[in-house]
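**Student:**
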Amino acid sequence: YGGYEYVPEEMIKRDKEPMVDKHDEALKVMPKVFLDEGYEVTICDPTYAGYTWIPDLTVFDEYPEMHTYYTNGVFNFDHTLGKLRTDEIRYRNFFCYSISKIVPTVLYGPIYNAGNYHEIPKPESIISSQIVTGPSTATGLFEPFVNAYTVLEKLPELTEPTGKEENTFLMMSNDTTHEPMILQKPDYVPVENVDNTAYDAEMLGKRVIDGVEVRIGNEEQLKHYDANVASLLMLGRWFDYLRQEGVYDNTKIIIVSDHGRALEYFDHKIDGGMDLDAFRCFLMVKDFGASGFTTDDTFMTNADVPTLAFKDVVEDPKNPFTGKPINSDAKEDEMLFSDPNEWRVSYENTPRDGNWYHFSGRDIFDITNWKYLGNY
Numbered sequence: 125y126g127g128y129e130y131v132p133e134e135m136i137k138r139d140k141e142p143m144v145d146k147h148d149e150a151l152k153v154m155p156k157v158f159l160d161e162g163y164e165v166t167i168c169d170p171t172y173a174g175y176t177w178i179p180d181l182t183v184f185d186e187y188p189e190m191h192t193y194y195t196n197g198v199f200n201f202d203h204t205l206g207k208l209r210t211d212e213i214r215y216r217n218f219f220c221y222s223i224s225k226i227v228p229t230v231l232y233g234p235i236y237n238a239g240n241y242h243e244i245p246k247p248e249s250i251i252s253s254q255i256v257t258g259p260s261t262a263t264g265l266f267e268p269f270v271n272a273y274t275v276l277e278k279l280p281e282l283t284e285p286t287g288k289e290e291n292t293f294l295m296m297s298n299d300t301t302h303e304p305m306i307l308q309k310p311d312y313v314p315v316e317n318v319d320n321t322a323y324d325a326e327m328l329g330k331r332v333i334d335g336v337e338v339r340i341g342n343e344e345q346l347k348h349y350d351a352n353v354a355s356l357l358m359l360g361r362w363f364d365y366l367r368q369e370g371v372y373d374n375t376k377i378i379i380v381s382d383h384g385r386a387l388e389y390f391d392h393k394i395d396g397g398m399d400l401d402a403f404r405c406f407l408m409v410k411d412f413g414a415s416g417f418t419t420d421d422t423f424m425t426n427a428d429v430p431t432l433a434f435k436d437v438v439e440d441p442k443n444p445f446t447g448k449p450i451n452s453d454a455k456e457d458e459m460l461f462s463d464p465n466e467w468r469v470s471y472e473n474t475p476r477d478g479n480w481y482h483f484s485g486r487d488i489f490d491i492t493n494w495k496y497l498g499n500y
C-alpha cells in the first residue's frame, strides 16, 4: 500500500516502532497524498487496519474528509443463495446466545462453542462451509467467499457516478480470490450443489498452453482457479458498467494481489524448493484513455502500486509521513523477499522470522536469478 518504504526489509529497520503503527501508516500513504491533491477519497475494507482481522476504520478518523466503509458480508442478504440460510442461522444463534447468557458462567464457553452453538451441519444448504465430494462436485457455500463475492456483484451500485466535476480516489480490498471455493461452470458462480463433471473432462490433468505445461486437478488448484475466474468476470462486468456511464476512459484502474500462492500449476521451483508462484503477484493496470490488452514482462512487485497510481497525476509525490520521495528506485538492483513462518496479525515490533530469498536481475522466471538465504 505504501510502496517500497514498507517492504519487510525496510519495516525491520524501524524496529523501535510497533508493527501496527507502520502498517497503518502504509495504508494511509495513498489516501493522504490524494486528499492533499484535492481528491475526494473513499476507502473500503482497508486490509487489517488497526492490525486487526476486521479492519478498524477509526484509524482514518484524523481525516474526517475521507469516506470509509466496511463492505465484506454486508450484501449477503441480497444474494438469493445466502438469504434464507443466513436468516435461519441468525434466528437460531440469537436464541442460543440468550440461553448462554443466563446459564452459570462456567457453562458459557461450552454452550457458545465459538459461535456455532453445536449446530449440526446441513451440507445441502449450509452457508458457512463447502464440502468437496469429488474432483468436480461439491455441496454447500463457503461463507467467506460469499461475503466478498457479493461485494463484487454490487460494484455497479457502489460506484454510481456523482455527476460532479471532481477527481476521486477509491481504494478497495476484496477477499474473493483469498477465500476460494469450487464454483459452478461455465458461469463460475456459487451454488449450493456444484457438478462440473461435464466441464472438467478437458480441464483436469496436464495441459500444454503456449508451450507451457499446466497442471490442474487437486482441490486447492481448482478452488483458486475458479475464484480467480469469478473475480475477473465480475470486474469485467463492472468495467462494462463504467463504459456505459462514460467514466471508464478517464479512470485509472490498478488491480493487485497481496501475494501469490504455491499451488504448483507450473514446474518452476526456485532455490530452496519454493514454488515461484508464491511470489508471483497479480498486477494489471488500465491507464487513462488506454485501450487494447498487452502484457509486459518488466520486473514489477506489488510495492510499485503507489508509483503507478501517482504517475501523470501527482507531481513529485512524497510520503506525507516520512517526507521521502515515492518511486520504484529501490527495486532497480536487487530485492529481498520474505516468506514468514507466522503471518497472522499481532502487535510485535518486527515481522516474524521466516524464509528469505534474494532476487537479482529482471526476469523472475529465470530460476538462476533466485537464491535462498535461509530461515532467520
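Counting from 125, one number per residue, gives the positions in the sequence shown under the working numbering. C-beta atoms are modelled at their ideal positions from N, C-alpha and C, and glycine is treated no differently. No experiment lies behind these values; they were computed from the predicted model shown.
Over the uninterrupted beta strand (DSSP E) stretch that includes Arg331, give me the two end residues.
**Tutor:** Reading the sequence shown from its first residue, position 207 is the one you call residue 331. Arg331 -> beta strand (DSSP E) spans 329 to 333.
**Student:** In chain order, what residues of the same chain lie with their CB nearer than 7 Å to the CB of Thr195, ignoring the 5 residues before and after it?
**Tutor:** Position 71 of the sequence shown, counting from 1, holds the residue named residue 195. Contacts found: Cys168, Asp169, Val275.
**Student:** Which residues does DSSP list as the beta-bridge partners of Ile377?
**Tutor:** The residue given as residue 377 occupies position 253 in the sequence shown. Answer by DSSP bridge pairing, in chain order: Lys410.
**Student:** Can you tell me whether Met408 is buried or exposed, with buried defined as 16 or more other CB within 10 angstroms of its CB?
**Tutor:** Mapped onto the sequence shown, residue 408 falls at position 284. By the 10 Å Cβ count, Met408 comes out exposed.
**Student:** Spatial neighbours of Lys225 within its chain, please: CB distance less than 6 Å, with the 5 preceding and 5 following residues excluded, ordered by chain position.
**Tutor:** As a position in the sequence shown, residue 225 is number 101, starting the count at 1. Cβ neighbours of Lys225 beyond the five flanking positions: none.
**Student:** Per the DSSP calculation, Cys405 is bridged to which residue(s)?
**Tutor:** Residue 405 sits at position 281 when you count from the first residue of the sequence shown. Cys405 pairs with nothing; no bridge assigned.
**Student:** Across which residues does DSSP place Gly498 in a beta bridge pair?
**Tutor:** The count along the sequence shown starts at 1 and reaches residue 498 at position 374. DSSP output for Gly498 lists Trp480 as bridge partner(s).
**Student:** Determine the burial state of Ser484: buried for a count of at least 16 other Cβ atoms within 10 Å of its Cβ, exposed for fewer.
**Tutor:** Stepping through the sequence shown from its first residue, residue 484 is reached at position 360. Ser484 is exposed by the Cβ-count criterion.
**Student:** Are the CB atoms of Ser462 and Pro132 nearer to each other than 8 Å?
**Tutor:** Counting from one through the sequence shown, the residue named residue 462 turns up at place 338. Counting from one through the sequence shown, the residue named residue 132 turns up at place 8. Taking 8 Å as the Cβ cut-off, Ser462 and Pro132 qualify as a contacting pair.
**Student:** Nearest-angstrom Cα distance between Val177 and Thr321?
**Tutor:** Here residue 177 corresponds to residue number 53 of the sequence shown, with the count starting at 1. Here residue 321 corresponds to residue number 197 of the sequence shown, with the count starting at 1. According to the sequence displayed, residue 177 carries Trp and not Val. Straight-line Cα distance between these residues: approximately 37 Å.
**Student:** Within its chain, find whatever has a CB closer than 6 Å to the CB of Leu328; leave out the 5 residues flanking it on each side and keep chain order.
**Tutor:** The residue labelled residue 328 in the question sits at position 204 within the sequence shown. Cβ within range, chain order: Gly341.
**Student:** Note down, in chain order, each residue of its chain lying with its Cβ closer than 6 Å to the Cβ of Phe434, except the 5 sequence neighbours on either side.
**Tutor:** In the sequence shown, the residue the question calls residue 434 occupies position 310. Only Pro441 meet the Cβ criterion.
**Student:** How is Gly126 classed by DSSP in three states: helix, strand or coil?
**Tutor:** By 1-based counting over the sequence shown, the position of residue 126 is 2. In the structure shown, Gly126 sits in coil (DSSP, three-state: anything other than H, G, I, E or B).
**Student:** Anyone know if the C-beta pair for Arg331 and Tyr389 falls short of 8 Å?
**Tutor:** Residue 331 sits at position 207 when you count from the first residue of the sequence shown. Residue 389 sits at position 265 when you count from the first residue of the sequence shown. The answer is no: Cβ separation not under 8 Å.
**Student:** Out of Pro304, Gly360, Glu344, state which residue places its alpha-carbon closest to the alpha-carbon of Ala386.
**Tutor:** In the sequence shown, residue 386 corresponds to position 262, counting from 1. Here the closest residue by C-alpha is Glu344.
**Student:** Apart from the five residues on each side of it in sequence, which residues of its chain come closer than 7 Å, Cβ to Cβ, to Thr431?
**Tutor:** Numbered from 1 along the sequence shown, position 307 holds the residue referred to as residue 431. Answer for Thr431: Gly127, Ile450, Asn451, Ser452, listed in chain order.
**Student:** Going by DSSP in three states, Thr292 sits in which element: helix, strand or coil?
**Tutor:** Translated into the one-based positions of the sequence shown, residue 292 becomes position 168. Strand at Thr292.
**Student:** For Cys220, decide whether its Cβ has a neighbour in chain C, counting only Cβ atoms nearer than 8 Å.
**Tutor:** Considering every chain present, this structure includes no chain C. It has just one protein chain.
**Student:** What does a CB cutoff of less than 6 Å around Glu290 pick up in its chain, not counting 5 residues either side in sequence?
**Tutor:** Numbered from 1 along the sequence shown, position 166 holds the residue referred to as residue 290. Correct list, in chain order: Glu164.
**Student:** Taking 7 Å as the line, does the beta carbon of Phe489 fall inside it for any heavy atom of the ligand ATP?
**Tutor:** The model on display carries no ligand, and the ligand ATP is accordingly not part of it.
**Student:** If you compare alpha carbons, which of Ile378, His242, Lys152, Glu161 is closest to Glu186?
**Tutor:** On the sequence shown, position 62 is the one that residue 186 refers to. Selected option, being the one with the closest Cα: Lys152.
**Student:** State buried or exposed for Ile491, treating a residue as buried only when at least 16 other CB atoms are found within 10 Å of its CB.
**Tutor:** Position 367 of the sequence shown, counted from the first residue, corresponds to residue 491. Exposed, because fewer than 16 other Cβ atoms sit within 10 Å of the Cβ of Ile491.
**Student:** Taking DSSP's pairing of strands, which residues face Met424 in a bridge?
**Tutor:** Along the sequence shown, read from residue 1 onward, the residue named residue 424 stands at position 300. Answer by DSSP bridge pairing: none, since Met424 is not bridged.
**Student:** Exposed or buried, what is Gly555 when buried is set at 16 or more other beta-carbons lying within 10 Å of its beta-carbon?
**Tutor:** With the chain covering 125 to 500 only, the question about residue 555 has no answer from this structure.
**Student:** In terms of residue numbering, what span does the beta strand (DSSP E) encompassing Pro464 cover?
**Tutor:** Here residue 464 corresponds to residue number 340 of the sequence shown, with the count starting at 1. Run containing Pro464: 458 to 464, per the beta strand (DSSP E) assignment.
**Student:** Quick check on Ile394: does DSSP put it in helix, strand or coil?
**Tutor:** Looking up residue 394 in the sequence shown gives position 270. Looking at Ile394 - three-state DSSP - the assignment turns out to be coil, as it is neither helix nor strand.
**Student:** Is it buried or exposed, Pro314, if we count other Cβ atoms within 10 angstroms and call 16 or more buried?
**Tutor:** Counting from one through the sequence shown, the residue named residue 314 turns up at place 190. Buried, by the Cβ-count rule.
**Student:** In the structure shown, what three-state DSSP assignment does Gly419 receive?
**Tutor:** Here residue 419 is taken as the residue at index 295 of the sequence shown, counted from 1. It should be noted that the sequence gives Thr, not Gly, for residue 419. Thr419 falls in the coil class under three-state DSSP.
**Student:** Among Leu159, Gly447, Glu149, Leu460, which one has its Cα closest to the Cα of Phe293?
**Tutor:** What you label residue 293 is simply residue 169 of the sequence shown in a count that begins at 1. Selected option, being the one with the closest Cα: Leu159.
**Student:** Grab me the residues of Thr446's own chain with a C-beta within less than 8 Å of its C-beta, minus the 5 sequence neighbours each way, in chain order.
**Tutor:** Numbered from its first residue, the sequence shown carries residue 446 at position 322. Result list for Thr446: Glu129, in chain order.
**Student:** Name the one or two DSSP bridge partners that Ile340 has.
**Tutor:** Looking up residue 340 in the sequence shown gives position 216. In the DSSP output, where bridge partners are listed per residue, Ile340 has Gly329.
**Student:** How far does the beta strand (DSSP E) with Glu321 in it extend, from its first residue to its last?
**Tutor:** Along the sequence shown, one-based indexing puts residue 321 at 197. It should be pointed out that residue 321 corresponds to Thr in this sequence rather than to Glu. Careful: Thr321 lies outside any beta strand (DSSP E), inside the alpha helix (DSSP H) at 321 to 324.
**Student:** By how many angstroms is the C-alpha of Lys448 removed from the C-alpha of Ala454?
**Tutor:** What you label residue 454 is simply residue 330 of the sequence shown in a count that begins at 1. What you label residue 448 is simply residue 324 of the sequence shown in a count that begins at 1. Spanning the two alpha carbons is a distance of roughly 12 Å.
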